[in-house]
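S.K.: Before I ask anything, let me first share the structure, which is written out below as structure tokens.
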Ligand code: LR7
Ligand code: MN
């Protein structure tokens, strides 16, 4: 995997004109930064003097979102880094509320519309593969709770757009009693006016959580195969046939696509490495490298891979087999644990779980989980406890060793699940570990839905594009650390430029990071975009540390959608802040030797 260089174009959007400057958009495979706690602040909007200089930014986009954006024909990888540009307070509101309610950039999601082209991330060899025409039909089940409308609709339309109609029996949307007022009506209207009858909607009278939600969805389905998707996915070219084929060959096969990464900050779609599912003794899912023994088949890198576990959200399974195998544990609440439970059950009770490299589906890896459980319970612990007691035999002690406080915690009635295990004459957990997951060893618990990561990521050093002083042209001063450049969390200010001071030297690299004095990265909190930028440890995953230094000398922050400005050019304090890009003098920067 190298970098993908985008070409210089003028792109016409129905409602936005963007100039794309010549820029490389490197693909990234990095973990989501750890979940931060969130506090919402009303944005402080600094005022700026407006000088002559370059023309103002493009006109405000019309506020009405067209149902069908003209994004077709463009590759998602070609998305302008300025897709999230804030033009006015309304944009600001959509962006900030979007991060608050959904933990990703809803402004960009809305601007993309409900259809877009995606880069075809499959291995070239996949394109030569032929699949049988006669395949079982699919019922796609999508549960959602408070989903961003544009993300939900892009999920639905990507399925309609990229699935042969004869294979798509239906799409079943399960609204898990969402609380967002507009969502209900908006969806009703949209479904009536724009969606075919094969898209159905089931509404839960009360919040059930994604586990019972899927069981409810499945109970309404009539297709031969169930395909589960999260409500913020986009399926890629030829995604379904490679999933249905192994199920047709063996009904006890459960299959997962490769889960590509849709960036929460930029909505850029990029390929995931081929990894497989594992877990640790804290009962958290994790990605593992594929052992060489799995790669020995004649098909090589595109052959299905046996996976000890699944991530949970995206998989296909024969509908009757789903029912025979005991659906899900309906005693599990809201979120968590069901993915390991069904994975253990599949392997231990005579099935197999495969990852299919030629099937690709993108998923928005959000900054954090944007919802809780109704009573604030730790449903992950409750659900994990149930699965440990039903499936893990003596190995549940490994879990209790890490979570001693759960040893005596009640977990409800599991007799129905024990009966499932008995009825299916399932094997022991020891057999599963020995045979399916021999790599398993004791390791530290891992915490959240992680993006797949390339193993050699740490070895990669981003190439330097430019280095020098970062001079504000209006005040003719340079951007420096207010204190020491090595101080994490320190703010930056403008001071007199000193060509001999190494602490004033910035490096701009191909990851679009700005690194001061070879130490820390210029970082902008996505959540509190009213805070000034700070110097933080470089995390290499774009977003809060992704800047574009492009045309018209502006310094644009990708996840905030604004430009760096000197707050009060007449003041000697030299404070800087993010502000709506208006081309004014105080926003003009040059990185020069
Ligand atoms: O109460 C709820 N009701 C719901 O309907 C809570 C959630 N949901 C919906 C929600 O809107 C979404 O569509 O259920 C779906 C999954 O919830 P997410 O997106 O909050 O979950 P996640 O992506 O953070 O977590 C992963 O692990 C979960 C464990 O319970 C589920 O199995 C998710 O489906 C799963 N997602 C994936 O596997 C995508 C790839 C992530 C990785 C790695
Ligand atoms: Mn998800």
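Numbering (our numbering), first residue to last: -7 to 585. Using N, Cα and C, we set each Cβ at its ideal position, and we do this for glycine too. The structure presented is a predicted model; accordingly, all values stated were derived computationally and were not measured.
1. Count the other C-beta atoms from every protein chain shown that fall within 10 angstroms of the C-beta of residue 284, then say buried if there are 16 or more, exposed otherwise.
2. Start and end of the beta strand (DSSP E) containing residue 407?
3. Assuming residue 145 contacts residue 106 (C-beta within less than 8 Å), just tell me the rounded distance between them.
4. Closest by CA to residue 211, which one among 227, 247, 187 and 166?
5. State the Cα-Cα distance for the pair residue 553 and residue 185, rounded to the nearest angstrom.
6. Considering only C-alpha positions, which residue in the set 585, 270, 530 and 519 is nearest to residue 480?
7. In chain order, what residues of the same chain lie with their CB nearer than 8 Å to the CB of residue 581, ignoring the 5 residues before and after it?
8. What residue from 517, 494 and 522 has the CA that sits closest to residue 510's CA?
9. Determine the extent of the alpha helix (DSSP H) in which residue 118 is found, giving its start and end residues.
10. Curious, which full-length beta strand (DSSP E) runs of at least 3 residues does the stretch 449 to 536 contain?
11. What does a CB cutoff of less than 7 Å around residue 486 pick up in its chain, not counting 5 residues either side in sequence?
12. Do the CB positions of residue 391 and residue 339 come within less than 7 Å of each other?
13. Indicate whether residue 246 and residue 345 have their beta-carbon atoms separated by less than 7 Å.
14. Kindly indicate which three-state DSSP category residue 71 falls into: helix, strand or coil?
15. To the nearest angstrom, report how far apart residue 411 and residue 318 are at their CA atoms.
16. Just how far apart, CA to CA, sit residue 560 and residue 577?
17. Quick one: what does DSSP say residue 581 is sitting in, helix, strand or coil?
18. Should residue 189 be labelled buried (16 or more other beta-carbon atoms within 10 Å of its own) or exposed?
19. Assuming residue 183 is part of the alpha helix (DSSP H), what are its boundary residues?
20. Do residue 202 and residue 135 come within 7 Å of each other at the CB atom, strictly closer than that value?
21. Taking 6 Å as the cut-off, is the C-beta of residue 257 nearer than that to any heavy atom in the ligand SAM?
22. Would residue 296 pass as a contact of residue 348 if the rule is Cβ separation under 7 Å?
23. Output yes or no for whether 7 Å exceeds the beta carbon distance between residue 352 and residue 249.
24. For residue 584 versus residue 475, is the C-beta distance shorter than 7 Å?
25. To the nearest angstrom, report how far apart residue 306 and residue 489 are at their CA atoms.
M.R.: So, from the listed chains and residues:
1. Here residue 284 is taken as the residue at index 292 of the chain shown, counted from 1. Exposed, because fewer than 16 other Cβ atoms sit within 10 Å of the Cβ of residue 284.
2. Walking along the chain shown from the start, residue 407 turns up at place 415. Per DSSP, residue 407 belongs to no beta strand (DSSP E); it is in the alpha helix (DSSP H), 407 to 415.
3. In the chain shown, residue 145 corresponds to position 153, counting from 1. In the chain shown, residue 106 corresponds to position 114, counting from 1. Sure, about 4 Å apart at Cβ, within 8 Å.
4. Residue numbering aside, residue 211 sits at position 219 when the chain shown is read from its first letter. Closest option to residue 211, Cα to Cα, is 166.
5. Here the question's residue 553 lines up with position 561 in the chain shown. Here the question's residue 185 lines up with position 193 in the chain shown. Roughly 33 Å between the two C-alpha positions.
6. Reading the chain shown from its first residue, position 488 is the one you call residue 480. It is 530.
7. For the purposes of this step, residue 581 is identified with residue 589 of the chain shown, where counting begins at 1. Excluding sequence neighbours, residue 581 sits near 462, 463, 464, 465, 471, 541, 545, 546, 547 and 556.
8. Along the chain shown, read from residue 1 onward, the residue named residue 510 stands at position 518. The residue with the shortest Cα to Cα distance from residue 510 is 494.
9. The residue you call residue 118 lines up with position 126 of the chain shown. Note, residue 118: alpha helix (DSSP H), 116 to 120.
10. You should have 456 to 464, 469 to 473, 484 to 487, 498 to 501, 506 to 508, 512 to 515 and 526 to 528.
11. Mapped onto the chain shown, residue 486 falls at position 494. Cβ neighbours of residue 486 beyond the five flanking positions: 464, 467, 469, 470, 471, 558, 566 and 568.
12. Start at 1 with the first residue of the chain shown, and residue 391 comes out as number 399. Start at 1 with the first residue of the chain shown, and residue 339 comes out as number 347. Here residue 391 is not near residue 339, since their CB atoms are 7 Å or more apart.
13. Position 254 of the chain shown holds residue 246. Position 353 of the chain shown holds residue 345. Contact flag set, yes.
14. Mapped onto the chain shown, residue 71 falls at position 79. In this structure, residue 71 counts as coil in the three-state DSSP scheme.
15. On the chain shown, residue 411 is found 419 positions in, with the first residue counted as 1. On the chain shown, residue 318 is found 326 positions in, with the first residue counted as 1. Near 10 Å, if we compare the C-alpha coordinates of residue 318 and residue 411.
16. If you number the chain shown from 1, residue 560 lands on position 568. If you number the chain shown from 1, residue 577 lands on position 585. Approximately 12 Å, taken between the alpha carbons.
17. On the chain shown, position 589 is the one that residue 581 refers to. Secondary structure at residue 581: strand, using DSSP grouped into helix, strand and coil.
18. Residue mapping note: residue 189 aligns to position 197 of the chain shown, counting from 1. A residue is called buried when at least 16 other Cβ atoms come within 10 angstroms of its Cβ; residue 189 does not meet this threshold and is exposed.
19. For this step, residue 183 is matched to residue 191 along the chain shown. Note, residue 183: alpha helix (DSSP H), 173 to 186.
20. Against the chain shown, residue 135 aligns to sequence position 143. Against the chain shown, residue 202 aligns to sequence position 210. Yes, they are a contact pair.
21. Here the bound small molecules are the ligand LR7 and the ligand MN; the ligand SAM is not part of this structure.
22. For the purposes of this step, residue 296 is taken as the residue at position 304 of the chain shown. For the purposes of this step, residue 348 is taken as the residue at position 356 of the chain shown. With a cutoff of 7 Å on beta-carbon distance, residue 296 and residue 348 are scored as near each other.
23. To locate residue 352, count along the chain shown from 1; it is residue 360. To locate residue 249, count along the chain shown from 1; it is residue 257. Taking a C-beta distance under 7 Å as the contact criterion, residue 352 and residue 249 qualify as a contact pair.
24. Position 592 of the chain shown holds residue 584. Position 483 of the chain shown holds residue 475. Taking 7 Å as the cut-off, the beta carbon of residue 584 is found no closer than this to the beta carbon of residue 475.
25. As a first step, residue 306 must be located in the chain shown, where it is residue number 314. As a first step, residue 489 must be located in the chain shown, where it is residue number 497. Distance between residue 306 and residue 489, taken at the CA atoms: about 53 Å.
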